[in-house]
Structures are given as structure tokens and as C-alpha cells.
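Student: Basically this note's numbering = 1-based index in the sequence shown + 33. Note that CB positions come from ideal geometry on N, CA and C, so glycine has one too. Remember, predicted model here, so these are calculated numbers, not experimental data.
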Amino acid sequence: MAWDFETEPEFEAKLEWMRHFVREEIIPLETLAHEFRQPGGREMFAKIVAPLKEQVKAQGLWAAHLPPDMGGMGFGQVRLGLMHEILGQCAFAPSVFGNNAPDSGNAELLSVGGTPEQREQWMKPLLAGTMRSCFSMTEPGAGADPTLLTTSAMRDGDEWVINGHKWFSSNASISDFLIVMCKTGDSEHGAYKAYSMIIVPTRTPGVNIVRDVPTMGEPDHKTGEPGGHAEILYENVRVPFANVVGGEAGIGQGFALAQKRLGPGRIHHAMRWLGQSQRAFDMLCERALTRYSHGSILAEKQMIQDWIAESHAEMQAARLL
Ligand SMILES: Cc1cc2nc3c(=O)[nH]c(=O)nc-3n(C[C@H](O)[C@H](O)[C@H](O)COP(=O)(O)OP(=O)(O)OC[C@H]3O[C@@H](n4cnc5c(N)ncnc54)[C@H](O)[C@@H]3O)c2cc1C
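Structure representation (C-alpha cells):
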């Protein structure tokens, strides 16, 4: 069945506003990217984008991934996907829209699975942009198969005691809290009921951030080298029992919650990459139309036309996936 990605004219008008806003107001901030990484850069970024966030709110596009009763718009996945395709064009855009990973997924997780107290204490600051968060699940010995995760949380009176080894915990080194996937006991219903998610303030004693694993170019929190996806040792980390996401009822619900969190997140990631591709494609076309070499502009050369057509076809194929 053909899928044309069309939405209602009113929402298409919103998308058009977003395209213009991202191009004219957010992409130019990339010239300050180096300054944003210096000491005080985070505060500088927050100050610069504050009025932009107000414009997003005035358009009714703030934190669009959350249901209306949680402060969002309840747009659903197709419209969110189309929004993320635009936001993906610039790394700064998602945070201006209250929708940056991993905070957006964690806010969504707390909105569907958290207790009212957890939403108040952890979700609302994420939406306000006053806290940053991390989702800490993958381990050196367990990635694609999370039934192999070994990080454990044992109950000790009113506390959990967490021990384990994680890595690829994006944002951990700049986060205020971590949501940690832990084995909280064997279950007669198998591994899928044996795990829970526990909120751990990042500065809790025993949270030992070893390094930022380099993958996507973000700087290591200590050395400034590319990194950003932390390796963490959890060594006798103690947090209140009430920090298990969902409270008592959330024990054993780690897998169910992970599905709710990671499913939409994967679609948004993929659409943001399409946005990046579109931006690169636009630059390719612009260059082809302006560069003159060997008797013509590049756009008139057959091989260049072939590359452009191939790229466009690949993007369309990826979009249809
Ligand atoms: C940039 C980045 C950010 C990340 N951020 C986070 C984060 O914030 N929090 C977090 O917890 N994790 C994060 N991860 C980790 C990510 O979730 C894992 O990399 C992923 O789950 C795969 O695990 P693995 O790398 O250990 O691969 P493995 O599980 O070792 O898989 C190895 C290879 O086997 C293939 N494979 C596995 N199973 C199958 C199968 N059934 N059939 C066919 N092929 C298979 C995989 O595709 C892969 O190529 C991040 C990873 C990256 C790269």
C-alpha cells in the first residue's frame, strides 16, 4: 500500500513553520557550537534558546511526545515522526522543542510508568529543561539480548543496593539522574518479569563514571576527547526503595516499560537521521548548481546527476521503511 506521509493541512502548516524556524533560527547557532562546549557554555546555550522555546510553545509544539495531561500535545507517532524529520537537521533543534533524547524518552517513560511523585520530582524538571537524564541499560556482555543483563538491585530495608557494569549510557556524564535497568529477582514468569527500572541520582556515592565511550563525536566529560556514551560501574549504590519506576507495582515491569520507551524512540531516531540526510542532500544539490568546472556547472554532468538521483531514491526507500 502506498504511503504518502500527508497530514491535515493545519498540521502541514505547523511543519512548514518548523522548517522555516529550524533553518532561520536554530541552524545558525551551529556557528557557536565550540563556545557551547566551553565552561559556562551550557548556561550560554540555555539563555540564547530561552526565547526560541517560547516561540515553540506559542505554536503549540512544545514536548509534543507527551499526552496533553502531562504537558504535551499527544500528537501520535506519524505526526511526531514528521516533526523529528525536521528536527534532525540540526543537533540543537530537539532541545528547543523540549524533545531531545534521551530526556524525551525518559519523560515519556515516567509519564506512562512513573508514580505521581516520580513525575513531579523527575519528569517535570526534564520538561522544564532544568534537569538532564540518562537511560542506562546496555552492558558489556548484554546489548541486543537484554535478558543477559546482570546488573542487580537487592532490597535492603527501605533501600535498593545496586551493583553492576553498564556502558553506552548516553548523556550519563552530564546527567542529573539515571534510569537504570536492574535485575530485581528471579521470576517464575522468566527473564521478562525479572527486571525493574530504578531512578538513581547521578551524584549518588558508588556511581563511578569510568569514561565516555567514543562513538558519535560528543566530548568525554574529563578529557574533551570524543565520547558521550558513558561506561559506568555501579558499586553498592544505595537509593530509596521508592525510586523503582512505578513504585511497588513497577517491580518486574522493566521489560514492559523498556518497550514503551524504546519503541517510539527508535522511530524518532530514524526520522532524525533522514533529516540529516535531507540536509546533506540539499548541500549536495546547492554545490552541484553553483560549482563550475570543466565547461559546465556540476549539475550538468551525467555522473553527478546519477549520484543525486541515487541519493534521493535511497532516502525515499529509507523513509518508506
Ligand atoms: C550511539 C549509541 C548510543 C547508545 N545509547 C544507549 C543508551 O543511552 N542507553 C543504553 O542502555 N544503551 C545505549 N546504546 C547501546 C545500544 O542499545 C546497543 O549497542 C544495542 O543494544 C546493541 O548491543 P551491542 O552493541 O552490545 O551489540 P550485540 O548485542 O553484541 O550485537 C552484535 C551484533 O549482532 C547483531 N545481532 C544481535 N542479535 C541478532 C539477531 N537476533 N539476529 C541477527 N543479528 C543480531 C547485532 O545487529 C550486532 O551487529 C547506544 C549505542 C550507541 C551506538
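For residue 117, which of helix, strand or coil comes out of DSSP?
Tutor: As a working note, residue 117 is residue 84 in the sequence shown. Residue state, collapsed to three classes: helix.
Student: Could you give the first and the last residue of the continuous alpha helix (DSSP H) run that contains residue 70?
Tutor: Position 37 of the sequence shown, counting from 1, holds the residue named residue 70. From DSSP, residue 70 is part of no alpha helix (DSSP H); its letter is neither H nor E.
Student: Using C-beta distances below 7 Å, list every residue in its chain close to residue 284, excluding the 5 sequence neighbours before and after it, in chain order.
Tutor: Taking the first residue of the sequence shown as 1, we reach residue 284 at position 251. If we look at residue 284 and ignore the five residues flanking it on each side, its Cβ neighbours are 217, 229 and 277.
Student: Grab the span of the alpha helix (DSSP H) containing residue 157 for me, first residue to last.
Tutor: In the sequence shown, residue 157 corresponds to position 124, counting from 1. Residues 157-161.
Student: According to DSSP, is residue 186 part of a helix, a strand, or is it coil?
Tutor: Residue mapping note: residue 186 aligns to position 153 of the sequence shown, counting from 1. Strand.
Student: Give the straight-line distance between the Cα atoms of residue 34 and residue 351, rounded to the nearest whole angstrom.
Tutor: As a first step, residue 34 must be located in the sequence shown, where it is residue number 1. As a first step, residue 351 must be located in the sequence shown, where it is residue number 318. Below a pLDDT of 50, predicted positions are generally treated as unreliable, and residue 34, at 46, falls in that range; the measurement from the model is reported next regardless. Spanning the two alpha carbons is a distance of roughly 16 Å.
Student: Compare the C-alpha of residue 306 against each of 231, 225, 117 and 147 and name the closest.
Tutor: Numbered from its first residue, the sequence shown carries residue 306 at position 273. The option with the nearest alpha carbon to residue 306 is 117.
Student: Would you please verify whether the beta carbon of residue 163 is less than 8 Å from any beta carbon of chain D?
Tutor: Among the protein chains of the structure shown there is no chain D, as only one such chain exists.
Student: Is residue 193 helix, strand or coil by DSSP?
Tutor: Taking the first residue of the sequence shown as position 1, residue 193 is located at position 160. Strand.
Student: Do three or more CB pairs link the region 135-142 to the region 97-109 at distances below 8 Å?
Tutor: These segments touch.
Student: Residue 168 by DSSP, collapsed to three states: which one?
Tutor: For the purposes of this step, residue 168 is taken as the residue at position 135 of the sequence shown. Residue state, collapsed to three classes: strand.
Student: Going by DSSP, what residue range makes up the alpha helix (DSSP H) through residue 337?
Tutor: Locating residue 337 in the sequence shown gives position 304, counting from the first residue. Element bounds for residue 337: 335-353.
Student: Of the choices 70, 312, 194 and 71, whose alpha-carbon is the least far from that of residue 271?
Tutor: Position 238 of the sequence shown, counted from the first residue, corresponds to residue 271. Comparing Cα positions, the closest option is 194.
Student: DSSP on residue 95, reduced to helix/strand/coil?
Tutor: If you number the sequence shown from 1, residue 95 lands on position 62. Coil, per DSSP.
Student: Among 48, 137, 58 and 188, whose alpha-carbon lies nearest the alpha-carbon of residue 296?
Tutor: Along the sequence shown, one-based indexing puts residue 296 at 263. Checked all of 48, 137, 58 and 188; the closest Cα to residue 296 is 137.
Student: Taking 7 Å as the cut-off, is the C-beta of residue 169 nearer than that to any heavy atom in ligand 1?
Tutor: One-based indexing of the sequence shown puts residue 169 at position 136. Yes, since a heavy atom of ligand 1 falls inside the 7 Å radius drawn around the Cβ of residue 169.
Student: Pull up the DSSP beta-bridge partners for residue 210, would you.
Tutor: For this step, residue 210 is matched to residue 177 along the sequence shown. Partner(s): 166 and 234.
Student: Does residue 34 come out as helix, strand or coil in the three-state DSSP assignment?
Tutor: For the purposes of this step, residue 34 is taken as the residue at position 1 of the sequence shown. Residue placement at residue 34 cannot be trusted, given a pLDDT of 46 that sits under 50; the coordinates are not used to answer.
Student: When you measure from the CB of residue 245 to every non-hydrogen atom of ligand 1, does any distance come out below 7 Å?
Tutor: On the sequence shown, residue 245 is found 212 positions in, with the first residue counted as 1. No - ligand 1 has no heavy atom lying nearer than 7 Å to the Cβ of residue 245.
Student: Give me the residue from 346, 315, 77 and 128 with the minimum Cα distance to residue 166.
Tutor: For this step, residue 166 is matched to residue 133 along the sequence shown. The residue with the shortest Cα to Cα distance from residue 166 is 128.
Student: What is the DSSP secondary structure of residue 173, reduced to helix, strand or coil?
Tutor: Residue mapping note: residue 173 aligns to position 140 of the sequence shown, counting from 1. If DSSP states are grouped into helix, strand and coil, residue 173 belongs with coil.
Student: Quickly, what does DSSP pair residue 244 with across the bridge? List them, please.
Tutor: Here residue 244 refers to the residue found at position 211 of the sequence shown. The partner list for residue 244 (beta bridge, DSSP) reads 264.
Student: For residue 318, report the span of its alpha helix (DSSP H) as first-last.
Tutor: Position 285 of the sequence shown holds residue 318. Element bounds for residue 318: 287-323.
Student: Use the C-beta contact count for residue 47: other C-beta atoms within 10 angstroms, 16 or more gives buried, fewer gives exposed.
Tutor: Taking the sequence shown and counting its residues from 1, one reaches residue 47 at position 14. When all chains shown are included, residue 47 counts as buried.
Student: Is DSSP giving residue 269 helix, strand or coil here?
Tutor: Within the sequence shown, residue 269 is the residue found at index 236, counting from 1. Looking at residue 269 - three-state DSSP - the assignment turns out to be strand.
Student: Rounded to a whole number of angstroms, what is the C-alpha to C-alpha distance between residue 148 and residue 50?
Tutor: Taking the sequence shown and counting its residues from 1, one reaches residue 148 at position 115. Taking the sequence shown and counting its residues from 1, one reaches residue 50 at position 17. Rounded to the nearest angstrom, the two C-alpha atoms are 36 Å apart.
Student: Closer than 8 Å by C-beta to residue 219: which residues in its own chain qualify, once you throw out the five before and the five after it? Chain order, please.
Tutor: For the purposes of this step, residue 219 is taken as the residue at position 186 of the sequence shown. These residues qualify, in order along the chain: 227.
Student: Does the pairing of the region 199-207 with the region 160-175 give three or more beta-carbon distances under 8 Å?
Tutor: As far as the Cβ criterion goes, the region 199-207 touches the region 160-175, which means the pair count is three or higher.
Student: Of the residues 181, 319 and 243, which one's Cα is nearest the Cα of residue 224?
Tutor: Counting from 1 along the sequence shown, the entry for residue 224 is found at position 191. Per the Cα distances, 181.
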